[in-house]
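Right, one structure below, let's go through it.
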Amino acid sequence: MKRVISLLLAALILSAGGFGAVAQENATESSSPGDLTINESESTEESLNLPPGIYLAMVLSQIRMEIKGNATAVMLKYRLMHNANESEVAEIVMNKTEELRNLIQEKLQQKEQLIQRYQNGEINETEFAFEMLRINMEFRNAVKELMALEECYGNFSMKVKMKLMERGINATAIEMLKMKAREMSGGDVGEIAKTIREMRVAKVKMENKEKVRGAEEESENEEVERTAGAGSEVKEKVKEAVEEKVNEKKGGVNEKRGRGRSS
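Put into C-alpha cells, the structure is as follows:
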C-alpha cells in the first residue's frame, strides 16, 4: 500500500510539474568510462523522449498492475487456505505452478525480443518503455502469486504434499521459480528510464567505435594503395633504365658495324 501511495504522489507531481521534475536523467563523468548517475531533481536537455503525459500514463499503468497483482495473490491464498477438499487444493497448486512457469518463460522470451527490436531501431523509446514496464510488472505479479503458494505450502497436509511431489512440486521448486521471476522482474518506470538512457549511451559508444574502426581501415587501404603505387613507379623507372641501356648497346653495335663497312 505504501508503494501504491508513493506512485500516486509521483503521478500528481508529474501532472503538475512535468516529466523532467520527477525522472530526469543526467549523465556525468565518473571514475570509470560509461558510469551513469541519475539525478531526479535537475533538468537536462538530454532527457528521454517521453512527454509528461506518456510518463504519467506509465505510472498509472504500473499502479493498476500492482493493485491487480496484489488482489490476484490474495485471492489465490484465500482459495488454498479455505478449501477443505485436498484434491482440489493440490490441483489448484499444480495448475497455478505450471501456469506461472509457462508465463515466466514466455515473458523472458518477450523481454529478449523487445530489447533486440529496440536496439535494431524497430521501435522507439516510448514503445520500448511501455512494453518493458508491462513485462516487468507481469514478472512482479508472478512473484506475488508464488509467494502466496510458498506461504500456503507449509500449511498443506502430507497428502497434498505427496500429490504435489508426484508432479515435481515442492517448497524448493516453488522457491526456485520465485527467484527466477524476481531476477527477471526488472525495474519500475524510473529504472526503465535509466535503462533506456544507458542503452542510448552504449549505442553511441558502439557507433563511435565503428566510425574509428572504419577510419582506421580506410587509412590502411590508402597506405596500401600508396605503397602499391610507389612500387609501380619504381618498376617503371627500372624498366625505362633497362630499355635505355639496351638501346645504348644497340647503338654501339650499329656504330661498330658502320665503321666496319666504311673500312
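Under numbering that gives the first Met the number 0, think of the first position of the sequence shown as 0, with each following residue one higher.
The C-beta atom is built at its ideal place from N, Cα and C for all residues, glycine as well.
Exercise. For R225, which three-state DSSP category applies?
Worked result: For the purposes of this step, residue 225 is taken as the residue at position 226 of the sequence shown. In the structure shown, R225 sits in a helix (DSSP, three-state: H, G or I).
Problem set entry | Of the listed residues K95, F138, R225 and V159, nearest to L107 (C-alpha basis) | Your numbering for residue 107 matches position 108 in the sequence shown. Answer by Cα proximity: F138.
For this session: Taking only the alpha-carbon atoms, compute the straight-line gap between E247 and K236 and give it to the nearest angstrom.
Result: Walking along the sequence shown from the start, residue 247 turns up at place 248. Walking along the sequence shown from the start, residue 236 turns up at place 237. Those two C-alpha atoms are separated by around 16 Å.
Exercise. Ends of the alpha helix (DSSP H) at E124?
Worked result: For the purposes of this step, residue 124 is taken as residue 125 along the sequence shown, with counting starting at 1. Taken as a continuous stretch (DSSP letters only), the alpha helix (DSSP H) holding E124 covers E124 to Y152.
Exercise. Three-state secondary structure (DSSP) at P51?
Worked result: Numbered from 1 along the sequence shown, position 52 holds the residue referred to as residue 51. Of the three classes helix, strand and coil, the one that applies to P51 here is helix, per DSSP.
Exercise. Does the count of Cβ pairs from the stretch 181-200 and the stretch 136-154 closer than 8 Å reach three?
Worked result: yes
Exercise. What is the DSSP secondary structure of G68, reduced to helix, strand or coil?
Worked result: In the sequence shown, residue 68 corresponds to position 69, counting from 1. Correct three-state label for G68: helix.
Problem set entry | E219, buried or exposed, once every other Cβ within 10 Å from all chains shown has been counted against 16 | Residue numbering aside, residue 219 sits at position 220 when the sequence shown is read from its first letter. So E219 counts as exposed.
Exercise. At which residues does the alpha helix (DSSP H) containing S86 begin and terminate?
Worked result: For this step, residue 86 is matched to residue 87 along the sequence shown. Residues E85 to Q118.
Exercise. Would DSSP call N246 helix, strand or coil?
Worked result: Taking the first residue of the sequence shown as 1, we reach residue 246 at position 247. Of the three classes helix, strand and coil, the one that applies to N246 here is helix, per DSSP.
Problem set entry | As assigned by DSSP and simplified to three states, the class of N207 | In the sequence shown, the residue the question calls residue 207 occupies position 208. N207: helix per DSSP, three-state reduction.
For this session: Please confirm whether I195 and A128 have their CB atoms less than 9 Å apart.
Result: Against the sequence shown, residue 195 aligns to sequence position 196. Against the sequence shown, residue 128 aligns to sequence position 129. Cβ distance < 9 Å, so I195 and A128 count as in contact.
Problem set entry | Check whether G68 and K143 have beta carbons under 9 Å apart | Locating residue 68 in the sequence shown gives position 69, counting from the first residue. Locating residue 143 in the sequence shown gives position 144, counting from the first residue. A contact, by the Cβ cut-off of 9 Å.
For this session: Using only alpha-carbon positions, find the residue among V92, N84, K110 and N119 that is nearest to E206.
Result: Here residue 206 corresponds to residue number 207 of the sequence shown, with the count starting at 1. Measuring from the Cα of E206, the nearest candidate turns out to be N119.
Exercise. Going by other Cβ atoms of all chains shown within 10 Å of its Cβ, with 16 needed for buried, is V88 buried or exposed?
Worked result: If you number the sequence shown from 1, residue 88 lands on position 89. It is buried - the Cβ of V88 has at least 16 other Cβ atoms within 10 Å.
Exercise. Straight-line CA distance for K95 to G153?
Worked result: For the purposes of this step, residue 95 is taken as the residue at position 96 of the sequence shown. For the purposes of this step, residue 153 is taken as the residue at position 154 of the sequence shown. For K95 and G153, the distance between alpha carbons rounds to 17 Å.
Problem set entry | Distance between beta carbons of K76 and E150, contact taken as under 8 Å | The sequence position of residue 150 within the sequence shown is 151, counting from 1. The sequence position of residue 76 within the sequence shown is 77, counting from 1. Rounded, the Cβ-Cβ distance is 7 Å, consistent with contact.
Exercise. DSSP on R63, reduced to helix/strand/coil?
Worked result: The count along the sequence shown starts at 1 and reaches residue 63 at position 64. If DSSP states are grouped into helix, strand and coil, R63 belongs with the helices.
For this session: Could you check the C-alpha separation between L79 and S60 for me, to the nearest Å?
Result: Locating residue 79 in the sequence shown gives position 80, where the first residue counts as 1. Locating residue 60 in the sequence shown gives position 61, where the first residue counts as 1. Taking the straight line joining both Cα atoms gives about 29 Å.
Problem set entry | alpha helix (DSSP H) segment containing R181, residue limits | What you label residue 181 is simply residue 182 of the sequence shown in a count that begins at 1. Per DSSP, R181 belongs to the alpha helix (DSSP H) from A170 to M183.
Problem set entry | Presumed contact (8 Å Cβ cut-off) between M93 and L163, rounded CB distance | In the sequence shown, residue 93 corresponds to position 94, counting from 1. In the sequence shown, residue 163 corresponds to position 164, counting from 1. Indeed, because the Cβ distance is near 7 Å, the residues count as touching under 8 Å.
For this session: Consider the C-beta atom of I62 and the heavy atoms of the ligand MN; say whether any pair is separated by less than 8 Å.
Result: Because no ligand of any kind appears in the structure shown, any question about the ligand MN cannot be addressed here.
Exercise. Could you give the C-beta distance for T125 and I191, rounded to a whole number, given that I count them as a contact under 8 Å?
Worked result: Stepping through the sequence shown from its first residue, residue 125 is reached at position 126. Stepping through the sequence shown from its first residue, residue 191 is reached at position 192. 11 Å between Cβ atoms; not a contact.
Problem set entry | Cβ-based neighbour list, I173, same chain, cut-off 8 Å, excluding 5 preceding and 5 following | Here residue 173 refers to the residue found at position 174 of the sequence shown. These residues qualify, in order along the chain: T96, L145, L148, E149 and Y152.
Exercise. Hey, would you say E85 sits closer than 9 Å to K193, going by beta carbons?
Worked result: As a position in the sequence shown, residue 85 is number 86, starting the count at 1. As a position in the sequence shown, residue 193 is number 194, starting the count at 1. Cβ atoms of E85 and K193: not closer than 9 Å.
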